[in-house]
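**Student:**
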Amino acid sequence: MKFRHLITLSAQTIVAFAALGGSAASLVWLERQNAALPAPALPRWDETAPLIIVDAGHGGHDGGAVANDIIEKNLALDLARKVKHELEAAGLRVRTTRDSDIFLPLEDRAALAGKHQAAAFVSVHLNTDGAGSDAEGIETYYADSAPLSARQFASKPVNSADFAAAVQRMVCATTKAQNRGTKARSYAVVAQAPCPAVLVECGFITSESEAAKLKRESYRDQVAQGIAKGVTLFLQAQPARRGIIATAVK
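With the working numbering applied, the sequence shown covers 1 to 250.
#1: Kindly give me the distance between the Cβ atoms of I227 and V200, rounded to whole angstroms, as I take these residues to be in contact under 8 Å.
#2: Going by C-alpha distance, which of T128, T97 and K82 is nearest A67?
#3: Output needed for Q168: all residues of its chain with C-beta closer than 6 Å, excluding positions within five of it in sequence on either side, in chain order.
#4: Tell me the residue span of the alpha helix (DSSP H) that contains K82.
#5: Mapping DSSP to helix, strand and coil, what is A211?
#6: Here's a check: name, in chain order, each residue in its chain whose Cβ is nearer than 6 Å to the Cβ of T175, leaving out the five neighbours to either side.
#7: Pair every Cβ in the region 110-121 with every Cβ in the region 191-211, then say whether three or more of these pairs are closer than 8 Å.
#8: Alpha carbon to alpha carbon, what distance is there between A80 and F163?
#9: According to DSSP, simplified to helix, strand and coil, what is T202?
#10: Leaving out five residues before and five after E107 in sequence, what residues of the same chain have Cβ atoms less than 7 Å from its Cβ?
#11: Mind checking which residues open and close the beta strand (DSSP E) that includes F103?
#12: Could you please give the first and the last residue of the uninterrupted beta strand (DSSP E) stretch that includes G181?
#13: Please check the pair L104 and G59, which I expect to be a contact at CB under 8 Å, by giving their CB distance rounded to whole angstroms.
#14: Using DSSP bridges, identify the partner residues of H58.
#15: Relative to the C-alpha of K115, which candidate in R95, A76 and S218 has its C-alpha closest?
#16: Quick test of your reading: G137 and N179, contact by CB under 8 Å. State the CB separation rounded to the nearest angstrom.
#17: Taking buried to mean at least 16 other C-beta atoms within 10 Å of its own C-beta, is D134 buried or exposed?
#18: Who are L51's beta bridge partners in DSSP?
#19: Give me the Cα-Cα distance between A89 and V54, rounded to the nearest whole angstrom.
#20: Decide if Q236 is buried, meaning its Cβ has at least 16 other Cβ atoms within 10 Å, or exposed.
#21: If I follow the unbroken beta strand (DSSP E) through Y142, where does it start and stop?
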């Protein structure tokens, strides 16, 4: 994978990053350090590797948005499968909320994160802005408050804003899509997840040009790679949280 050099850090880089405190501001530093590294072998995570929940939006009787010959639930499922593949290639453990055309209530999707003690939750969707709209780009949503159950994952409140920032920056850098930023919204699927959680709107299917890109598998691969880069970058910025990168380098 093209982004493997972003996933495996040298021991020196990990130590240096830890010295910075793993702060959100240091994510940019970490990204720059990784960009200068040669592509190494994949990290060897053990059975305690971080678990990521990847949620394909909608499903079953809930088709989501429909525009330009795209049904959101179908494209969301394809993108979620690709994100799962990219994360597993990084050595992370992954569970999906659905792997077929079925419907799951939002609260059941979020509950999986608590059931499996996930390190992060990512929900994949497609955006709309009315027929004939020329709105384009990617945006990432997060809840600005976390449930009490989130306290089991960290000694301080879960900060999904940092997670959203990492995913948004990396997916836009990978796809060259318009960066529409991150936004705080109390969407149930992320607000009820007891871990860092984001909802990524991967593009506007109401835009003819963006819909055409999303129909191309090569572009969907780039979207998935960008999301996976953001997830991994965020996890690497949490050295004190549940030993996430303790086994990254051997």
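Idealized CB from N, CA, C, for every residue including glycine. What you are looking at is a predicted structure, and each value in this text was computed from that prediction instead of being measured.
**Tutor:** By the coordinates alone:
#1: Beta-carbon to beta-carbon, I227 and V200 are separated by about 6 Å, close enough to satisfy the 8 Å threshold.
#2: T128
#3: T140 and T182
#4: Counting along the chain, K82 sits inside the alpha helix (DSSP H) bounded by residues E72 to A89.
#5: Three-state result, A211: helix.
#6: Q222, V223 and G226
#7: By the Cβ criterion, the region 110-121 is in contact with the region 191-211, since at least three pairs of Cβ atoms, one from each stretch, lie closer than 8 Å.
#8: 18 Å
#9: The residue you asked about is not Thr; residue 202 is Cys in the sequence shown. Three-state DSSP puts C202 in a strand.
#10: A188 and Q192
#11: Unbroken run through F103: none, as it is neither H nor E.
#12: N179 to A184
#13: 7 Å
#14: DSSP, once it has assigned bridges, lists no residue as partnering H58.
#15: R95
#16: 6 Å
#17: exposed
#18: R93
#19: Looking at the two C-alpha atoms, the distance is approximately 14 Å.
#20: buried
#21: I138 to Y142
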